[in-house]
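K.L.:
One structure is given below, represented as structure tokens, and several questions about it will come after.
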């Protein structure tokens, strides 16, 4: 505990500031500033935070290099672990809790003309991705809004060997060049080619390679032998047939589409992450314990509402704002008849049927609305299956399950009651 909630200590070229929890709006509890011995210029700033909703633990700032390093705890929506960037925003480095993400993303480095991603434990063996973009040309005039993202020049993928070597050997024996044996794959959009490098085989220094030249309209059936360059390490091994090369080429075209989509998802995720960080830094929201009634805004609001209700109470214990009303569904239909005593039985049955039909239509519209919400939730889950964290995905699936239960209850009880 510190007097007035804060304390400042000075050491050799170091200034340390301590703050009590919840004293500052941003959750800062400690700041350590290091100065240069000769010039007394500020060299580094270390800040520690607590109880922040964005899970920010610490921030390191180096003014000389314009470098900022942020570290986060677990249970963030994007599962980000570290965020390092230069002040002019030329380079960003992001590290994630890969075990908590569906795509197993471990590290991402974003530059002005390059993007690098590292993965850990993916089922397809993908380990690294490197994307090279074109340098944007500065043009005068209105901005073009028709195209989003950067133009891709090259995509380089690196794979690791499958854990089950027995399955890989069985697949490799079926074809000379196999999709499962790819070590490096390069999609060169500038030169219209696909370069593949396979894993080294036992007892060989070099490895098999294949290079495809992509024509104007890439179709696997149009591939000719002149469009492919294949290198086989052992000249005694048989060369792949043109049908095998066409199958491999077709697989690479499909993988190329998936790689482009993956890059687009990564770029959109980066933009969303930066927008969220700007909102989090401006909001500076803190987690408050529910029993901390002095700081919890929701608790204070609830107590304020209860105090207002107590003031509005009558002598018999009922509140002025509460009314016991019994809904009469037939009232709007009975107003059509001036003399209710002269109603005949056919008229009464007609009024009853009209009222029940309107109630059924209202229940049917509610059922359609629930069904529409279920479809929208399912589309949202499918579109963000690779980007959402496990906790967020489970929460969305739970919400979908609740909607399905409500729809089932609506069909079995409500409509049957008024049928």
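In full-length UniProt numbering, the protein residues as written are 1 to 419. Just so you know, even glycine gets a beta-carbon here, dropped at the ideal spot from N, CA and C.
1. Can you look up residue 233 in the DSSP assignment and give me helix, strand or coil?
2. Where does residue 108 land, buried or exposed, given buried means 16+ other C-beta within 10 angstroms?
3. On the DSSP letters alone, give me the boundaries of the beta strand (DSSP E) that residue 2 sits inside.
4. Just checking my contact of residue 82 with residue 95 at CB under 8 Å: how many whole Å lie between their CB atoms?
5. Which residue comes first and which comes last in the beta strand (DSSP E) that contains residue 156?
6. Starting from the C-beta of residue 128, find all residues in its chain whose C-beta is less than 6 Å away, skip the five residues before and the five after it, and write them out in chain order.
7. Put residue 114 into one of helix, strand or coil per three-state DSSP.
8. Contact defined as beta carbons within less than 8 Å: I believe residue 97 pairs with residue 74. What is the distance between those atoms, to the nearest angstrom?
9. Distance, Cα to Cα, residue 47 vs residue 57?
10. Compute the Euclidean distance between the alpha carbons of residue 498 and residue 362, then round it to the nearest angstrom.
11. With a 10 Å radius around its C-beta and 16 neighbouring C-beta atoms as the bar for buried, classify residue 19 as buried or exposed.
12. Mapping DSSP to helix, strand and coil, what is residue 390?
13. Of all the options 351, 267 and 345, which has the alpha carbon lying nearest to the alpha carbon of residue 335?
14. State whether the stretch 226-243 contacts the stretch 269-283, with contact taken as three or more CB pairs (one from each stretch) at a distance under 8 Å.
15. With DSSP as the reference, label residue 242 as helix, strand or coil.
16. Our contact map puts residue 208 next to residue 232 with C-beta atoms below 8 Å; I'd like the distance itself, whole angstroms only.
17. If you draw a straight line from the C-alpha of residue 151 to the C-alpha of residue 260, how long is it?
18. If we count the other Cβ atoms within 10 Å of its Cβ and call it buried at 16 or more, is residue 112 buried or exposed?
19. In whole angstroms, what is the alpha-carbon distance linking residue 381 and residue 226?
20. Buried or exposed: where does residue 205 fall if 16 or more other Cβ atoms within 10 Å of its Cβ makes it buried?
21. Go through the stretch 325-406 residue by residue and report every complete run of the beta strand (DSSP E) that reaches 3 residues or more, in order.
22. Look up residue 48 in the DSSP assignment and give the residues it is bridged to.
23. CA-CA distance, residue 339 and residue 379?
24. Determine the DSSP secondary structure at residue 323, reduced to helix, strand or coil.
25. Between 62, 10, 22 and 12, which lies nearest to residue 4 when the distance is taken from Cα to Cα?
26. Put residue 123 into one of helix, strand or coil per three-state DSSP.
27. Using the Cα positions of residue 371 and residue 228, report the straight-line distance between them to the nearest angstrom.
28. Anyone know if the C-beta pair for residue 115 and residue 131 falls short of 9 Å?
29. Which residues mark the beginning and the end of the beta strand (DSSP E) in which residue 71 is found?
30. Given that a residue counts as buried once 16 or more other Cβ atoms are within 10 Å of its Cβ, and exposed if not, what is residue 234?
31. If we ignore side chains and look at the alpha-carbon of each, how far apart do residue 133 and residue 266 end up?
32. Measuring alpha carbon to alpha carbon, tell me which of 188, 26, 271 and 200 ends up nearest residue 110.
33. Out of curiosity, what's the CA-to-CA distance linking residue 396 and residue 377?
P.N.:
Inspection of the coordinates gives the following:
1. As a working mapping, residue 233 is identified with position 233 in the chain shown. Assignment of residue 233 by DSSP, reduced to helix, strand and coil, places it in the coil class.
2. In the chain shown, residue 108 corresponds to position 108, counting from 1. Buried is the label assigned to residue 108, since at least 16 other Cβ atoms lie within 10 Å of its Cβ.
3. As a first step, residue 2 is located in the chain shown; it is residue number 2 there, counting from the start. Segment: none, residue 2 is in no beta strand (DSSP E) and carries neither H nor E.
4. Counting from one through the chain shown, the residue named residue 82 turns up at place 82. Counting from one through the chain shown, the residue named residue 95 turns up at place 95. Between residue 95 and residue 82 the Cβ distance is about 4 Å, and since that is below 8 Å, they are a contact.
5. Counting from one through the chain shown, the residue named residue 156 turns up at place 156. Taken as a continuous stretch (DSSP letters only), the beta strand (DSSP E) holding residue 156 covers 152-159.
6. As a working mapping, residue 128 is identified with position 128 in the chain shown. Annotation for residue 128: 118 and 158 place their beta carbon closer than 6 Å to its own, counting only its chain and skipping 5 residues before and after.
7. For the purposes of this step, residue 114 is taken as residue 114 along the chain shown, with counting starting at 1. DSSP places residue 114 in strand when its eight states are reduced to three.
8. Within the chain shown, the letter at position 97 stands for residue 97. Within the chain shown, the letter at position 74 stands for residue 74. Indeed they touch by this definition, with Cβ atoms about 6 Å apart.
9. For the purposes of this step, residue 47 is taken as residue 47 along the chain shown, with counting starting at 1. For the purposes of this step, residue 57 is taken as residue 57 along the chain shown, with counting starting at 1. Linking residue 47 to residue 57 through their CA atoms gives a straight-line distance of about 9 Å.
10. In this structure the chain extends from 1 to 419, so residue 498 is not present and cannot be described.
11. Within the chain shown, the letter at position 19 stands for residue 19. With 16 or more other CB atoms across the displayed protein chains lying within 10 angstroms of its CB, residue 19 is buried.
12. Counted from its first residue, the chain shown places residue 390 at position 390. Note: residue 390 maps to helix in three-state DSSP.
13. As a first step, residue 335 is located in the chain shown; it is residue number 335 there, counting from the start. Nearest to residue 335 by alpha-carbon distance, out of 351, 267 and 345, is 351.
14. Fewer than three pairs of CB atoms, one per stretch, sit closer than 8 Å, so the stretch 226-243 makes no contact with the stretch 269-283.
15. By 1-based counting over the chain shown, the position of residue 242 is 242. In the structure shown, residue 242 adopts helical secondary structure according to DSSP, grouped into three states.
16. If you number the chain shown from 1, residue 208 lands on position 208. If you number the chain shown from 1, residue 232 lands on position 232. With a Cβ gap of about 6 Å, residue 208 and residue 232 count as contacting.
17. One-based indexing of the chain shown puts residue 151 at position 151. One-based indexing of the chain shown puts residue 260 at position 260. Whole-angstrom Cα-Cα distance: 10 Å.
18. Your numbering for residue 112 matches position 112 in the chain shown. It counts as exposed.
19. One-based indexing of the chain shown puts residue 381 at position 381. One-based indexing of the chain shown puts residue 226 at position 226. Residue 381 and residue 226 have their C-alpha atoms roughly 45 Å apart.
20. Residue 205 sits at position 205 when you count from the first residue of the chain shown. So residue 205 counts as exposed.
21. For the stretch 325-406, not a single whole beta strand (DSSP E) run of length 3 or above is found.
22. The residue given as residue 48 occupies position 48 in the chain shown. According to DSSP, residue 48 bridges with 30 and 58.
23. To locate residue 339, count along the chain shown from 1; it is residue 339. To locate residue 379, count along the chain shown from 1; it is residue 379. Looking at the backbone, the Cα of residue 339 and that of residue 379 are separated by about 55 Å.
24. Mapped onto the chain shown, residue 323 falls at position 323. Note that residue 323 scores a pLDDT of 48, beneath 50, so its modelled location is shaky and nothing firm can be said.
25. On the chain shown, residue 4 is found 4 positions in, with the first residue counted as 1. When only C-alpha atoms are compared, the closest one is 22.
26. One-based indexing of the chain shown puts residue 123 at position 123. Residue state, collapsed to three classes: coil.
27. Walking along the chain shown from the start, residue 371 turns up at place 371. Walking along the chain shown from the start, residue 228 turns up at place 228. Each residue's Cα considered, the two are about 52 Å apart.
28. For the purposes of this step, residue 115 is taken as the residue at position 115 of the chain shown. For the purposes of this step, residue 131 is taken as the residue at position 131 of the chain shown. Yes.
29. Stepping through the chain shown from its first residue, residue 71 is reached at position 71. Segment 67-72, the beta strand (DSSP E) holding residue 71.
30. To locate residue 234, count along the chain shown from 1; it is residue 234. Per the 10 Å Cβ criterion, exposed.
31. What you label residue 133 is simply residue 133 of the chain shown in a count that begins at 1. What you label residue 266 is simply residue 266 of the chain shown in a count that begins at 1. When rounded, the distance between both Cα atoms is 14 Å.
32. Translated into positions along the chain shown, residue 110 becomes position 110. Of the listed residues, the one whose Cα sits closest to residue 110 is 271.
33. Here residue 396 corresponds to residue number 396 of the chain shown, with the count starting at 1. Here residue 377 corresponds to residue number 377 of the chain shown, with the count starting at 1. When rounded, the distance between both Cα atoms is 7 Å.
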